[in-house]
């Protein structure tokens, strides 16, 4: 429901726009008609303004025409009589001496989506495609798509699509791109237009006459083209070689590289050579560009395509972080470095990771270690270097770093259990820096799975249990119900994990763990949370069963 103030403002605007003296001030007219559009977009019914807005189409100002056209388009479906009046004015615009007005008339006419104006729009498109102004020809090509959506038969049987094909040899390169776009939309149900040998050869031969923007589009379009022979392939590669090796425009370099790879899909040696040339060109932009978005785009391209890692591995230091790199850029560089790491360069890359670990935010640091862990799982030869890297990180003694590391260690499966003996001492020395609930749960999971490698595991379990008792006492002095609820939930999670760790450790070190486990079982059996009670009962039964199997005696 619109406000009464909106109606008052609309009436005031209409009063001004119906004044001939007011219409002489084009700046004031622009402001007024734009305010009407704003009211319409805010939900106000401006249907009463349509007759006045239609009259404004006759003004020679392109801004007023464009805004008036948008207003009429919004209400075209419910006001067909206004559409007819607007159509007559727009048809006159198609014969205007100003090419901007002619193209604008075509644009507005197509946006009305009026079936009654299909015939007139068809004639306007045909005339526009043959117009002397490239600006009008471009708009006519794009308008043909709207015409096809309203009346497909008119486009297919009226010769418009044939005219679009003819204009692929237009002297204006944006017109060529517009015609290609239009034909792709028109033949979308047939997976776009078929690029014949003749058309592909023509577009490649004319490539350097196109503007850079059009070159990018045409290069992507040519991915649908397959040369008939190897001779043609090498001819095209020679013709496009400058687009690949000239480092003035990175998007063109990348699009050309994609086309080279498409042409040489059955020629692996030639394809590798294309990648080498492409990488040589891409490297130029690392030294030249200080644009972080550009560097990020390059890394995205390298990661998301099948770019051979072997080609870029030797230049791994190109992706090292600068002191002023933003967090998101450092994350992107870590992403590519994790793919490039190998036995030969692991020392340098891990040193880089160690340096930037001090600058990364907690979540970014966790992502880095997880990415590195995934890489090491696929490259076992890196495991020893990885373990030493984790040890160095732990020795930093920073709370956030230790917290992240222990959460990752839960997911690590070393090929050699000896590697746990390297990590364990550092973890025991710095476990007190773990303060978060997730960190403590992760620490308990590590103890449960690798407790035999941690001599101080009983002491760690006892300390965590004492902290639980202390938290229980402190909660009585809290005045925040929400804080109490969150703390209680965290405490229950830690209890469940603590139960699992103690039961597992009890089988390895019963003399030290059994008193602690008995005390914890008593607490958990009486807990208000049913999940904690059920978990305690289940683990108690499991422990009894295992003891019976191992010793033949029953726990009492």
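Numbering (the working numbering), first residue to last: 79 to 634.
Each residue gets a CB set at the ideal place from its N, CA and C atoms; glycine is no exception.
These numbers come from a predicted model, not from an experiment.
Sorted by chain position, which residues of the same chain lie with C-beta nearer than 7 Å to residue 420's C-beta, five sequence neighbours on each side aside? Position 342 of the chain shown holds residue 420. Excluding sequence neighbours, residue 420 sits near 391.
CA-CA distance, residue 92 and residue 324? The sequence position of residue 92 within the chain shown is 14, counting from 1. The sequence position of residue 324 within the chain shown is 246, counting from 1. C-alpha separation (whole angstroms): 57 Å.
Going by other Cβ atoms of all chains shown within 10 Å of its Cβ, with 16 needed for buried, is residue 293 buried or exposed? As a working mapping, residue 293 is identified with position 215 in the chain shown. Buried is the call here.
Inside the segment 369–457 only - alpha helix (DSSP H) runs reaching at least 4 residues: 370–382, 387–390, 405–418, 424–435 and 440–456
Residue 59 (DSSP reduced to helix, strand or coil): Past the boundaries of the shown model lies residue 59; the chain is included only from 79 to 634, so the question cannot be answered.
Cut-off 7 Å between Cβ atoms - residues of its own chain near residue 555, not counting five sequence neighbours on either side: Mapped onto the chain shown, residue 555 falls at position 477. Because the pLDDT at residue 555 is just 45, under 50, the model does not fix this residue reliably, and the point stays unresolved.
Residue closest to residue 522, alpha-carbon to alpha-carbon, out of 574, 246, 101 and 598: Position 444 of the chain shown holds residue 522. Residue 522 has its Cα closest to that of 574, out of 574, 246, 101 and 598.
Just checking, does the segment 162–173 make contact with the segment 117–126 on the three C-beta pairs under 8 Å criterion? no
Can you tell which of 546, 254 and 116 has the C-alpha that lies nearest to the C-alpha of residue 297? Looking up residue 297 in the chain shown gives position 219. Ranking the options by Cα distance to residue 297, first place goes to 254.
What's the call for residue 331, buried or exposed, on a 16-neighbour Cβ count within 10 Å? Indexing the chain shown from 1 puts residue 331 at position 253. So residue 331 counts as buried.
Got a sec? Which residues, its chain only, sit under 8 Å from residue 280 by beta carbon, not counting five neighbours each side? Position 202 of the chain shown, counted from the first residue, corresponds to residue 280. Within the same chain, residue 280 has close Cβ partners 246 and 247.
Starting from residue 102 and walking both ways along the alpha helix (DSSP H), at which residues does that stretch end? In the chain shown, residue 102 corresponds to position 24, counting from 1. It is not in any alpha helix (DSSP H) - residue 102 carries neither H nor E in the DSSP assignment.
Identify the continuous alpha helix (DSSP H) that holds residue 231 and give its terminal residues. For this step, residue 231 is matched to residue 153 along the chain shown. Note, residue 231: alpha helix (DSSP H), 230–235.
Just reading off the alpha helix (DSSP H) that residue 151 is part of, what are its end residues? Position 73 of the chain shown, counted from the first residue, corresponds to residue 151. Here the alpha helix (DSSP H) through residue 151 covers 140–152.
Host alpha helix (DSSP H) of residue 291 (start-end): Translated into the one-based positions of the chain shown, residue 291 becomes position 213. It spans 290–299 - the alpha helix (DSSP H) in which residue 291 sits, taken as one unbroken run.
When DSSP labels each residue in this structure, what does residue 482 get in the three-state scheme? Residue 482 sits at position 404 when you count from the first residue of the chain shown. Note: residue 482 maps to helix in three-state DSSP.
Taking DSSP as the reference, what is the three-state secondary structure of residue 534? What you label residue 534 is simply residue 456 of the chain shown in a count that begins at 1. DSSP places residue 534 in coil when its eight states are reduced to three.
Tell me whether the segment 229–238 and the segment 270–278 touch, counting them as touching only if at least three CB pairs, one residue from each stretch, are closer than 8 Å. no
Over the uninterrupted alpha helix (DSSP H) stretch that includes residue 341, give me the two end residues. In the chain shown, counting from the first residue as 1, residue 341 sits at position 263. Element bounds for residue 341: 328–341.
Segment limits, alpha helix (DSSP H) that includes residue 603: Walking along the chain shown from the start, residue 603 turns up at place 525. From DSSP, the alpha helix (DSSP H) with residue 603 extends over 588–603.
If you compare alpha carbons, which of 447, 513 and 491 is closest to residue 477? Position 399 of the chain shown holds residue 477. Answer by Cα proximity: 513.
Can you find the residues in the same chain that come closer than 6 Å, C-beta to C-beta, to residue 497, ignoring five residues on each side of it along the sequence? For the purposes of this step, residue 497 is identified with residue 419 of the chain shown, where counting begins at 1. Excluding residues within five positions, the ones whose Cβ falls inside 6 Å are 465.
Determine the closest residue to residue 403 out of 375, 414, 346 and 369, with distance taken between C-alpha atoms. For the purposes of this step, residue 403 is identified with residue 325 of the chain shown, where counting begins at 1. If we check each option's Cα against that of residue 403, 369 comes out closest.
Integer Cβ distance of residue 529 from residue 535, believed to fall under 8 Å: Counted from its first residue, the chain shown places residue 529 at position 451. Counted from its first residue, the chain shown places residue 535 at position 457. At roughly 4 Å, the Cβ-Cβ gap stays under 8 Å, so residue 529 and residue 535 are in contact.
May I ask you to report which of helix, strand or coil DSSP gives residue 476? Here residue 476 refers to the residue found at position 398 when the chain shown is read from its first residue. Residue 476 falls in the coil class under three-state DSSP.
How long is the line joining the alpha carbons of residue 458 and residue 484, rounded to whole angstroms? Looking up residue 458 in the chain shown gives position 380. Looking up residue 484 in the chain shown gives position 406. Rounded to the nearest angstrom, the two C-alpha atoms are 21 Å apart.
With burial defined as no fewer than 16 other Cβ atoms inside 10 Å of the residue's Cβ, what is the status of residue 584: buried or exposed? Indexing the chain shown from 1 puts residue 584 at position 506. Classification for residue 584: buried.
Just the Cα atoms here: how many angstroms apart are residue 576 and residue 345? Walking along the chain shown from the start, residue 576 turns up at place 498. Walking along the chain shown from the start, residue 345 turns up at place 267. Going from the Cα of residue 576 to the Cα of residue 345 covers about 59 Å.
Taking Cβ positions, are residue 183 and residue 207 nearer each other than 8 Å? Locating residue 183 in the chain shown gives position 105, counting from the first residue. Locating residue 207 in the chain shown gives position 129, counting from the first residue. Contact: no.
Residue 570 and residue 610: beta carbons closer than 8 Å? As a position in the chain shown, residue 570 is number 492, starting the count at 1. As a position in the chain shown, residue 610 is number 532, starting the count at 1. Their beta carbons are under 8 Å apart, which means residue 570 touches residue 610 by this criterion.
Length of the line joining the Cα atoms of residue 406 and residue 422: Against the chain shown, residue 406 aligns to sequence position 328. Against the chain shown, residue 422 aligns to sequence position 344. Those two C-alpha atoms are separated by around 27 Å.
Look at residue 223 and residue 186 and say whether their C-beta atoms are less than 8 Å apart. One-based indexing of the chain shown puts residue 223 at position 145. One-based indexing of the chain shown puts residue 186 at position 108. For residue 223 and residue 186, no; Cβs fall outside 8 Å.
For residue 509, the first and last residue of its enclosing alpha helix (DSSP H): As a working mapping, residue 509 is identified with position 431 in the chain shown. Counting along the chain, residue 509 falls outside any alpha helix (DSSP H), and DSSP gives it neither H nor E.
Could you give the distance in angstroms between the alpha-carbon of residue 557 and the alpha-carbon of residue 568? The count along the chain shown starts at 1 and reaches residue 557 at position 479. The count along the chain shown starts at 1 and reaches residue 568 at position 490. Low confidence applies here, because residue 557 scores a pLDDT of 48, under 50, leaving its location unreliable; read the following figure in that light. The straight-line gap from Cα to Cα measures roughly 18 Å.
Quick one: residues in its chain with C-beta nearer than 7 Å to the C-beta of residue 333, no 5 flanking neighbours on either side, listed in chain order? What you label residue 333 is simply residue 255 of the chain shown in a count that begins at 1. Answer for residue 333: 294, 297 and 298, listed in chain order.
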